[in-house]
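Under our numbering, the first residue of the sequence shown is numbered 27, with each subsequent residue one higher. Every residue, glycine too, gets a C-beta built ideally from N, C-alpha and C. Before any comments, here is the structure.
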Amino acid sequence: MRLLPWLLLLVPLPLLAQGRDSTSASPRSDSTIVRAVELGRGLYDNLTKYIRFQMGVLFGLVFTFLGCAIGNVVGGVAFVPLQTLWVNFSTQVFQAVGLGYG
C-alpha cells in the first residue's frame, strides 16, 4: 500500500527511537493520523476552491478576448496587457487568497 510510508512519517520520533513499531496501537498515534487526515481534507477543499475560482477567471478573460476579436470591438483587443495585470492584481488576488485560506 502506498499510504504506509506517509503514515510512518506521522509516528513521533521518540517512539521510533525506543524501538516501538508503528503498527502498535496507541491513542497518540491514532489521533495523530486522524488529525493529519482532517488537515489533508481541509487543504484539498481549499485548493479545490482556489483552482475553481482561477479557472472561472481564466474562462471569463478568454471569452472577453474572443468576443472582442469576433465582434471587432476596440480593434479586437479588449485589454492591453497592463490592464489585464492591473485587474488581476487589484481585485482577484485578494479573493483567491481568501478562498485558499478559508
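Terminal residues of the alpha helix (DSSP H) in which residue i lies
i, result
"Q121", "V119 to Y127"
"V113", "P107 to V113"
Beta carbon of residue i nearer than 8 Å to that of residue j
i, j, result
"F79", "L125", "yes"
"V83", "Q118", "yes"
"T94", "G86", "The sequence shown places Cys at residue 94, not Thr. No."
"Y76", "A104", "no"
Residue environment, residue i, which counts as buried when at least 16 other CB atoms sit within 10 Å
i, result
"V99", "exposed"
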